[in-house]
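Counting from 24, one number per residue, gives the positions in the sequence shown under the working numbering. All C-beta atoms, glycine included, are put in the ideal place defined by N, C-alpha and C. Here's the structure we're looking at; comments come further down.
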Amino acid sequence: MRITDVESFEELASRSQNFPVVVFKHSTTCPISAAAYDEMSRFDGEVALVDVQRARSLSKEIELRTGVAHESPQVLVLWKDKVVWDASHWRVKADAVQEAVKNADGSS
24 MRITDVESFE ELASRSQNFP VVVFKHSTTC PISAAAYDEM SRFDGEVALV DVQRARSLSK
84 EIELRTGVAH ESPQVLVLWK DKVVWDASHW RVKADAVQEA VKNADGSS
């Protein structure tokens, strides 16, 4: 699912109170981001996609709110409205994201 505004991110942050939420910040002009996009297509779960060219203000707001410096590509896993895992560039791997989601609540 694409998110394009702060209100959508607020909704995701709220949803993260109940289950982990994955946010993928993607640049349509970056070859590394293209590889990360392919990698994230293998992720078995819902991903909130932020197109950083089209939603610059949202990308900046996510950085301000989470305290995680903006990079693209970048994946953030939110749990209880906090970033519990993040990766960028070549570290964006579907298996690692899956593991982070599985372990997000600390019960696994």
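Separation of residue j from residue i, as counted between CA atoms
| i | j | result |
| --- | --- | --- |
| lysine 116 | aspartate 67 | 12 Å |
| alanine 58 | valine 70 | 16 Å |
| valine 137 | arginine 79 | Not covered by the structure: residue 137. The range shown for the chain is 24 to 131. |
| valine 106 | glutamine 76 | 22 Å |
| aspartate 118 | threonine 52 | 24 Å |
| isoleucine 55 | aspartate 104 | 28 Å |
| glutamate 34 | phenylalanine 42 | 13 Å |
| serine 37 | glutamate 30 | 11 Å |
Neighbour-count burial assignment, residue i, 16 or more Cβ in a 10 Å radius
| i | result |
| --- | --- |
| proline 96 | buried |
| leucine 99 | buried |
| serine 64 | exposed |
| aspartate 74 | buried |
Contact belief for residue i with residue j at Cβ below 8 Å, rounded distance in angstroms
| i | j | result |
| --- | --- | --- |
| threonine 27 | leucine 81 | 6 Å |
| phenylalanine 47 | isoleucine 85 | Not quite, the Cβ-Cβ distance comes to about 11 Å (not below 8 Å), so this is no contact. |
| arginine 25 | leucine 72 | 5 Å |
task: Check whether the segment 75-92 touches the segment 105-115, taking contact to mean three or more Cβ pairs, one atom from each stretch, closer than 8 Å.
output: yes
message: Extract the residue ranges of the alpha helix (DSSP H) inside the segment 75-100, only unbroken runs of 4 or more that lie entirely within it.
response: 79-89
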